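Working notes, beginning with the structure itself.
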Amino acid sequence: MKLKETAIVRAMGLTQIPLLFFVGPRVLRVDDEGCEIVIPLRYRTRNHLGSMYFGVLAAGADLAGGLNAAFLIREKHRKVSLVFKDFKAEFLKRADGDVHFVCHDGKKIRETVERADATGERFTIPVEIVATVPSKYGDEPVARFTLGLSLKRKG
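What follows is the structure, encoded as structure tokens:
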């Protein structure tokens with residue numbers, strides 16, 4: 007687990023996006039290739055059927071889709087705003103364990119952050135996130151998400 011990155015995400019949850027703090031995500035990996043986070047299945051994240059509430063799944067996809075961009079913007083002190091323009095979800099199985107959200111679009115995100123910062127124009131790219139429950143289903147997806155990540159230089 008990446009303790010520093012997890013602490014940054016939780017601090018962001020306390021100050022900017024309270025739901026992220028509430029669901030307790032942990033950052034397992036964030037690098038040039040992408041990222042992986044995990045949200046534990048517990049009382050706060052469970053629905054009445056004992057699986058992860060779809061709103062929490064959406065929050066996990068949001069975090070996995072935006073984490074690389076947010077860290078790049080912070081690391082390079084860029085003045086780039088980040089927002090999601092659209093959201094598509096495909097739920098394949100019950101998420102009845104701790105859910106891992108993986109995004110492999112790190113290089114594409116880096117290029118788009120740099121382009122948005124250099125030109126001042128808005129760029130929107132599709133970002134793919136796959137959710138798995140390794141403890142029950144191994145690498146078999148329980149959900150797939152496509153988010154439209156929109157980036158533009160501020161000001």
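Numbering (the numbering used here), first residue to last: 7 to 161.
Ideal placement from N, C-alpha and C gives every residue a C-beta, glycine not left out.
Source: prediction; values computed, not measured.
Can you give the Cα-Cα distance for residue i and residue j, rounded to whole angstroms?
i    : j    : result
I115 : R150 : 18 Å
V96  : N53  : It is worth fixing the name first, because residue 96 is Glu in this sequence and not Val. Taking the straight line from one Cα to the other gives about 18 Å.
A17  : G66  : 16 Å
A64  : E127 : 27 Å
R159 : T152 : 23 Å
R161 : I45  : A quick correction: the sequence has Gly, not Arg, at residue 161. For G161 and I45, the distance between alpha carbons rounds to 35 Å.
D92  : G154 : 5 Å
L25  : A122 : 28 Å
V133 : S156 : 10 Å
L20  : R80  : 17 Å
F28  : A13  : 13 Å
I23  : V15  : 9 Å
S141 : F129 : 37 Å
Report the option in the options whose CA atom is closest to the CA atom of residue i.
i    : options                  : result
V105 : T21, G126, D145 and T130 : D145
F90  : A75, E81 and R48         : A75
K8   : R159, R128 and P31       : P31
P147 : R128, V119 and F107      : F107
T138 : K160, L47 and V119       : L47
G112 : T125, L98 and I135       : I135
R35  : K10, A124 and P24        : K10
Y143 : F129, T130, L98 and A124 : L98
K85  : V62, A13 and E120        : E120
A124 : F28, K82 and I23         : K82
C109 : R80, V29, V33 and I79    : V33
I131 : I23, L88 and Y49         : L88
Count the other CB atoms within 10 Å of the CB of residue i; is the residue buried (16 or more) or exposed (fewer)?
i    : result
F5   : Lying outside 7 to 161, the shown extent of the chain, residue 5 is not represented and no answer is given.
T118 : buried
F77  : buried
I51  : The sequence given here has Thr at residue 51, not Ile. With 16 or more other Cβ atoms within 10 Å, it is buried.
Using a Cβ-Cβ distance under 7 Å, would residue i count as near chain C?
i   : result
L73 : In the structure shown, chain C does not exist; there is a single protein chain.
Margin query: Using 8 Å as the cut-off, can you tell me whether the stretch 26–41 makes contact with the stretch 68–80, which would need three or more C-beta pairs spanning the two stretches below that distance?
Written below: yes
Margin query: Closer than 8 Å is the cut-off here; do at least three beta carbon pairs connect the stretch 96–104 with the stretch 48–62?
Written below: yes
Next item on the list: Note down, one range per segment and in chain order, each alpha helix (DSSP H) of at least 4 residues found wholly within the stretch 83–152.
Entry: 112–125 and 140–143
Notebook entry, point to check: Which runs of the beta strand (DSSP E), 3 residues or longer, sit entirely within the stretch 12–90?
Noted result: 32–37 and 40–45
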